[in-house]
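Taking it in order: structure first as structure tokens, then the write-up.
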Amino acid sequence: MTQQTAAANLTLATMDRTYLPAMHFVAAHGVYEAEWEVPQLFGVSLELWCDHFCAGETDVLSDAVDYSKLYDLVNEIMQGGHCNLLEHLAAKIAKAVLTSDQRILQVAVQVEKTAADMGGTKIPVAVKIIRRKEDYGI
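Under my numbering, think of the first position of the sequence shown as 2, with each following residue one higher.
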């Protein structure tokens with residue numbers, strides 16, 4: 002089976018996936034002023050829908066999605082400009098991931114604030130979004 006034949010037989014439901022399940026960053030994001038001043042621990046997880054057929058056959062990095070580049074991309078966003086909402090942060094990451102590699106067709110992004118302030122108590126809160134290239138006209 003050729004790569005083109007394999008790719009033609011895939012749908013998002015049956016497509017190969019790559020997971021980056023637990024990247025951690027210390028960053029300053031949030032609605033409240035104290036969150037802008039005191040960095041907090043965040044967790045980011047990615048699930049990528051992409052075709053691994055060629056990389057599986059060749060064992061060559063250039064035929065695969067480079068996980069280290071994705072980590073660097075997410076780190077740049079987490080350490081970059083301030084975001085009030087986890088939803089906005091997740092959307093920025095999704096768009097950057099989808100534009101970073103033509104082989105990534107869809108991405109699920111989960112952003113977790115490990116100790117979100119709930120007025121006297123702190124609990125973990127997470128947002129998960131799923132975006133496709135088509136959502137951004139890519």
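Heads up, the beta-carbon is just placed ideally off N, CA and C, and yes, glycines get one too.
Between the alpha carbons of residue 107 and residue 44, how many angstroms are there, rounded? 20 angstroms
Straight-line Cα distance separating residue 75 from residue 65: 18 angstroms
Residue 95 - DSSP class collapsed to helix/strand/coil: helix
Are the CB atoms of residue 49 and residue 12 within a distance shorter than 7 angstroms? no
Can a CB atom of chain B be found closer than 7 angstroms to the CB of residue 30? The displayed structure is made up of one protein chain only, and chain B is not part of it.
If you draw a straight line from the alpha carbon of residue 120 to that of residue 99, how long is it in whole angstroms? 36 angstroms
Any idea if residue 31 is buried or exposed, counting beta-carbon neighbours within 10 angstroms, 16 or more meaning buried? buried
Let me confirm a value: residue 38 is counted as buried when at least 16 other C-beta atoms fall within 10 Å, else exposed. Which label applies? exposed
Give the straight-line distance between the Cα atoms of residue 60 and residue 53, rounded to the nearest whole angstrom. 10 angstroms
Compare the Cα-Cα distances from residue 94 to each of 67, 129, 115 and report the closest residue. 129
Presumed contact (8 angstroms Cβ cut-off) between residue 112 and residue 127, rounded CB distance: 7 angstroms
If residue 35 and residue 80 are in contact, beta carbons under 8 angstroms, what's the gap, nearest whole angstrom? At roughly 19 angstroms, the Cβ-Cβ gap does not stay under 8 angstroms, so residue 35 and residue 80 are not in contact.
Nearest-angstrom Cβ-Cβ length linking residue 101 and residue 134, presumed shorter than 8 angstroms: The pair is not a contact, with the Cβ atoms about 11 angstroms apart (cut-off 8 angstroms).
Bridge partners for residue 140 per DSSP, in chain order? Residue 140 falls outside the range modelled here, since the chain spans only 2 to 139, and no answer is possible.
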